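A quick write-up on the structure given underneath.
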Amino acid sequence: MKKILSILMLFAITTTGVMAQTVNRLDPSIFPSPEKGYKQVLIEVPFSKNDNDKKIEFSVGKVMEVDGCNNFGLVGTLKEKNLEGWGYTYYCFESKGDVFSTMMGCPDAPKRNIFVSGKSELVRYNGRLPIVVYIPEDMEVRFKVYKTDGEEYFANEVKTKK
Numbered sequence: 494m495k496k497i498l499s500i501l502m503l504f505a506i507t508t509t510g511v512m513a514q515t516v517n518r519l520d521p522s523i524f525p526s527p528e529k530g531y532k533q534v535l536i537e538v539p540f541s542k543n544d545n546d547k548k549i550e551f552s553v554g555k556v557m558e559v560d561g562c563n564n565f566g567l568v569g570t571l572k573e574k575n576l577e578g579w580g581y582t583y584y585c586f587e588s589k590g591d592v593f594s595t596m597m598g599c600p601d602a603p604k605r606n607i608f609v610s611g612k613s614e615l616v617r618y619n620g621r622l623p624i625v626v627y628i629p630e631d632m633e634v635r636f637k638v639y640k641t642d643g644e645e646y647f648a649n650e651v652k653t654k655k
């Protein structure tokens, strides 16, 4: 009997912990439908008590075959927009797919497939709201999560002689 009671107690504690971690997610259907030639992507991250100690860096691009020695970037513009009536932010990346690169000569370097992206964007981490991005259909979004240890540092004042 004690064994069954112990198992039931453990189950109740585990279930309560899982229920406490449940977070209501924002319904992405409130955002506009993508325009022709575009798709809507969501960056969703788990909620944590330390959301304020994190940032998300995301970039839009596509995998391309390029030479073996130059640096490449995607020409495009990321626009931040406001969802009227809701106050939520979403992003639109506009690009014709043009690429810029350095111009080093490297005829012997083998070709490589890399993710060529536009300028990255650094935004707040929020486990309750997705980051909504509209991008051309042939592109994708990649992101990184940065976390701090929570420590704050002070800048030094520069003393000028009068």
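Take any residue in the sequence shown, count from 1 to its spot, add 493: that is its number in the working numbering. Note that the Cβ used here is the ideal one computed from N, Cα and C, for glycine as well. All figures in this text were calculated on a predicted structure; none of them were measured in a lab.
Next on the checklist: Tell me the DSSP secondary structure of residue 629 in three-state form.
Outcome noted: Translated into the one-based positions of the sequence shown, residue 629 becomes position 136. Reduced to three states, the DSSP call for residue 629 is strand.
Next on the checklist: Quick test of the definition: if touching needs 3 or more C-beta pairs under 8 Å, does the segment 568-578 touch the segment 527-538?
Outcome noted: When Cβ pairs closer than 8 Å are counted between the two stretches, the segment 568-578 is seen not to touch the segment 527-538, the count staying below three.
Checklist entry - Which of the three DSSP states, helix, strand or coil, is assigned to residue 543? => result The sequence position of residue 543 within the sequence shown is 50, counting from 1. Three-state DSSP puts residue 543 in coil, outside helix and strand.
Checklist entry - In this structure, does DSSP put residue 610 in helix, strand or coil? => result Residue 610 sits at position 117 when you count from the first residue of the sequence shown. Strand, per DSSP.
Item to check | Nearest-angstrom beta carbon gap, residue 584 and residue 573 [assumed within contact, 8 Å] | outcome: Counted from its first residue, the sequence shown places residue 573 at position 80. Counted from its first residue, the sequence shown places residue 584 at position 91. Right, the Cβ-Cβ distance comes to about 6 Å (below 8 Å), so this counts as a contact.
Checklist entry - Assuming residue 561 and residue 604 make a contact with CB atoms under 8 Å, what is their CB distance in whole Å? => result For the purposes of this step, residue 561 is taken as the residue at position 68 of the sequence shown. For the purposes of this step, residue 604 is taken as the residue at position 111 of the sequence shown. Between residue 604 and residue 561 the Cβ distance is about 6 Å, and since that is below 8 Å, they are a contact.
Next on the checklist: In the DSSP assignment, the beta strand (DSSP E) including residue 592 goes from what residue to what residue?
Outcome noted: Counting from 1 along the sequence shown, the entry for residue 592 is found at position 99. Counting along the chain, the unbroken beta strand (DSSP E) around residue 592 starts and ends at 592-594.
Next on the checklist: If you measure between the beta carbons of residue 542 and residue 618, is that distance less than 7 Å?
Outcome noted: For the purposes of this step, residue 542 is taken as the residue at position 49 of the sequence shown. For the purposes of this step, residue 618 is taken as the residue at position 125 of the sequence shown. It is not a contact, given that the beta carbons lie outside the stated cut-off.
Checklist entry - Among 624, 621, 628 and 576, which residue has its Cα nearest to the Cα of residue 610? => result On the sequence shown, position 117 is the one that residue 610 refers to. Closest by alpha carbon: 628.
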